[in-house]
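All remarks here apply to the structure that follows.
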Amino acid sequence: MIGIIGSGNVGANMAFFIAEKLVDNVLLFDIQEGLAAGKSLDMMEAAPIRGYTTTIGSAESLDQILECELVFITAGSVRQPGMKREGLYTINLEIMEELAGKFKKYEGIVVIVTEPVDMLTRRFIKASGMDYSRVMGLGCILDSTRLRFMIATELNVSMENVSALVIGRHADPMIPLEKYCCVSGVPVSMFMDEEKLLSLFEETRGAGALIVDMAQRASSFYGPSAVAAELAETVFRNSRRILSVSHMLTGQYGIEDVCLSLPAVIGKDGIVRTLEPELEPSELKLLKSSAEEVRV
Amino acid sequence: MKKVSVIGAGNVGATAVYYIAEKNIADIVMIDVVQGMPQSKALDFLHAAPYRKYTVNIKGSTDYEDIRDSDVVVITAGIARKPGMDRMDLMKTNVGIAKKAAQAIAEYAPDAVVIVVSNPLDVIAMVALRESGFALKKVVGMAGVLDATRFRYFIAEALEVWPGDIMALVLGGHGDSMVPLPRYTTVGGFPLTELLDSATIEKLVERTRKGGMEIIQYLKKGSAYYAPGASVAKMVEAVVKDERRLIPASAYLRGEYGHSDIFLGVPVLIGKNGIEKIVQLELTAEERQALDLSAEAVKEGVTTLETFYSPG
Chain A
46 MIGIIGSGNV GANMAFFIAE KLVDNVLLFD IQEGLAAGKS LDMMEAAPIR
96 GYTTTIGSAE SLDQILECEL VFITAGSVRQ PGMKREGLYT INLEIMEELA
146 GKFKKYEGIV VIVTEPVDML TRRFIKASGM DYSRVMGLGC ILDSTRLRFM
196 IATELNVSME NVSALVIGRH ADPMIPLEKY CCVSGVPVSM FMDEEKLLSL
246 FEETRGAGAL IVDMAQRASS FYGPSAVAAE LAETVFRNSR RILSVSHMLT
296 GQYGIEDVCL SLPAVIGKDG IVRTLEPELE PSELKLLKSS AEEVRV
Chain B
13 MKKVSVIGAG NVGATAVYYI AEKNIADIVM IDVVQGMPQS KALDFLHAAP
63 YRKYTVNIKG STDYEDIRDS DVVVITAGIA RKPGMDRMDL MKTNVGIAKK
113 AAQAIAEYAP DAVVIVVSNP LDVIAMVALR ESGFALKKVV GMAGVLDATR
163 FRYFIAEALE VWPGDIMALV LGGHGDSMVP LPRYTTVGGF PLTELLDSAT
213 IEKLVERTRK GGMEIIQYLK KGSAYYAPGA SVAKMVEAVV KDERRLIPAS
263 AYLRGEYGHS DIFLGVPVLI GKNGIEKIVQ LELTAEERQA LDLSAEAVKE
313 GVTTLETFYS PG
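So the protein lines, in turn, are chains A and B. Counting from 1 along the first sequence, just add 45 to a position and that's the residue number in our numbering. Counting from 1 along the second sequence, just add 12 to a position and that's the residue number in our numbering.
So this is what it looks like as structure tokens:
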């Protein structure tokens, strides 16, 4: 069973994508009464047409969520136009620490989606005392996915052939790694000049804000929900995908006690191992300064 | 609805049909010379449709006319080498089969993209090109995708990671002379050479080279068809959905990679017109040498072909 705390756009779409992938049954929860029940019922009524055989239900209390093997936390406020993700820290910290208190004896896996994700993942780990390997934040996996989309679109090739890696903060100082972006194994620099690639990096940096500006109300939710469903599948099927998620660093590049995204192998027990890409001096410098920025 | 025809309803052809049906992207026709065999397999597939939920039509036939107006035609027809049979006899038989198939494609499906699977692949592709009179980009051989998927699986097994996160290019001819490029093989974007030492990589390359043989040794009679079928379906889907995939496949070269007038496995962009583009990669001296050796093997096959081949 997969629990989702928060049944707004991100939480509900996540349930939807997870159902379509037939990963496992989903339980939605929201503090606003009726929201989780209404949305889950709506999705179940689509099941005969969409053909999913898993169920989407709603939890009446957080205790039911704590019985799930995997829990996504999407609760909290989303940013408004012109706002940076960091601006949400004080707003969402309280709810995150309160939730963390309930997870002290929890033995499953938690994925933090609420922004600012790197800061809140660290606070959640501190407040819950959970194992580092069992808590991760939906960080640069989303930026990596957006960059894949942009590279594939620019080159007019299949998205499935493109891999892209963004590490560091899930915020403006994110670090796209040129050397680790490729098309069917061939470095992307062989198909695109440096200037174009750098402009795609900039576009990736601003991709989340662009959607907030366009929509004027809601922040993005299809992209985040899609990567969340991917993570859920990886955990439940123990498929050991390599995904750039935010997690507690323990000395990688000399950085510790802070959550940033680095590529990690993900399986049924959460983070199996962290991979360390070879960084240019400028990238390393940016990763180290990023670490200080999210150590709150 | 697009239409895909598969010529040869043996294990590889039928398994390819299965994977294509599950993708639900095109109506399918299976052709074979053995009366009743393609019909029975098509009907069997349709009986499974209520559970498997594909809504495409699948028809089995012994009449080439049924491939009319196909968007893609796959040639898997041919015999396997039997003990005691020499390679020349095998080639003669399969060239004869491919000739008929290619002529039928030219007559009934003049706009199709032709994907050649029958062996010896690079020779049969040449026959299909000549007999159909099609544009070069319309005829492509399936080999590199199969070699690459095997290589990807072996890497995933060694690193205990998801095979889908691995990308690999394997060039050259199919089989012993294939040229895997570890430099252009990545794991979640990481170059393979950063994650495995060269001795381990060499072992995986060697296993890939003999990947087909490993299956034959287990089966005793018969050879692999699941991975080949899946590889065919991947290429068919790339054409039908105009996916523009960068994959290794056998293409007719006119100077690319320093070779001309042969089919050889190179990176190509596959889309609705077949080979949209042959992608030229920088190769090291060593990689180039291996590709040249592979080309030599293909040329020998073509020389053999010329000793008995007459068009029409």
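Built from N, CA and C at the ideal position, the CB exists for glycine as well. Note that this is a predicted model, so its numbers are computed, not measured.
Along the region 173 to 188 of chain B, going in chain order, the ones with a CB nearer than 7 angstroms to a CB of chain A are Val173, Trp174, Asp177, Met179, Ala180 and Leu181.
Taking B/Ala160 as the centre and dropping the five residues before and after it, the same chain places the C-beta of Ala180, Leu181, Val182 and Pro260 closer than 7 angstroms to its C-beta, in chain order. By the beta-carbon neighbour count (other beta carbons within 10 angstroms, threshold 16), A/Thr135 is exposed.
A direct Cα-to-Cα measurement between B/Ser272 and B/Arg142 gives close to 15 angstroms.
Our two residues, A/Glu323 and A/Val162, have alpha carbons roughly 24 angstroms apart in a direct line.
Per DSSP, the beta-bridge partners of B/Phe202 are B/Val199. The beta carbons of A/Val155 and A/Arg191 sit no closer together than 8 angstroms.
Inclusion of B/Ala89 and B/Ile40 in the CB contact set at 8 angstroms is not warranted, their separation being larger than that value. Secondary structure at A/Ser122: coil, using DSSP grouped into helix, strand and coil. In this structure A/Ala260 is exposed. Its beta-carbon is surrounded by fewer than 16 other beta-carbon atoms within 10 angstroms. For the C-beta of B/Ile259, the chain A residues within less than 7 angstroms are, from N- to C-terminus, Ser229.
When the beta-carbon positions are compared, B/Gly187 and B/Asp134 stay at least 8 angstroms from each other. Between A/Ile287 and chain B, the shortest Cβ-Cβ separation is below 8 angstroms. Shown here for B/Val280: same chain residues with a beta carbon closer than 8 angstroms to its own, the five before and five after excluded, namely Val152, Leu258, Ile259, Pro260, Ala261, Ala263, Ile287, Glu288, Lys289, Ile290 and Val291 in chain order. Only Leu293 from the region 286 to 297 of chain B bring a Cβ to less than 7 angstroms from some Cβ of chain A. DSSP places B/Leu208 in the coil class of the three-state scheme, outside both helix and strand. Taking all protein chains in view, the Cβ of B/Phe320 is surrounded by fewer than 16 other Cβ atoms within 10 Å, so the residue is classified as exposed. In the three-state DSSP reduction, B/Pro240 falls in the helix class (H, G or I). Taking 8 angstroms as the cut-off, the Cβ atoms of A/Thr159 and A/Gly213 do not count as close. In the three-state scheme derived from DSSP, where H, G and I count as helix and E and B as strand, B/Phe166 is classed as helix. When Cβ pairs closer than 8 angstroms are counted between the two stretches, the region 50 to 65 of chain B is seen not to touch the region 88 to 105 of chain B, the count staying below three. DSSP lists B/Val41 as the bridge partner or partners of B/Lys71. The Cβ neighbour count for A/Val207, taken over all protein chains shown within 10 Å, is at least 16; the residue is labelled buried.
Bounds of the beta strand (DSSP E) holding A/Ser306 are Ile300 to Gly312.
Excluding five sequence positions before and after A/Val257, the CB atoms of its chain that fall closer than 7 angstroms to its own CB belong to Arg124, Pro126 and Ser264, given in chain order. Between A/Pro308 and A/Ser289, the gap from beta carbon to beta carbon is short of 8 angstroms. With fewer than 16 neighbouring CB atoms inside 10 Å of its own CB, B/Tyr238 falls in the exposed class. In the three-state DSSP reduction, B/Val128 falls in the strand class (E or B). For A/Thr295, the enclosing beta strand (DSSP E) covers residues Arg286 to Gln297. Flagged as an interface residue toward chain A: B/Tyr196, by a C-beta distance shorter than 8 angstroms. The Cβ atoms of A/Ser284 and B/Trp174 sit closer than 8 angstroms to each other. Contacts with chain A at 8 angstroms (Cβ-Cβ) include B/Pro279.
When secondary structure is reduced to three states using DSSP, B/Tyr264 falls in the strand class.
Residues of the same chain with a CB within less than 6 angstroms of the CB of B/Gly200, apart from the 5 flanking positions on each side, are Asp177 in chain order. When Cβ-Cβ separations below 8 angstroms define contact, B/Phe146 makes no contact with chain A. The Cβ atoms of B/Val244 and B/Val126 lie no closer than 8 angstroms to each other.
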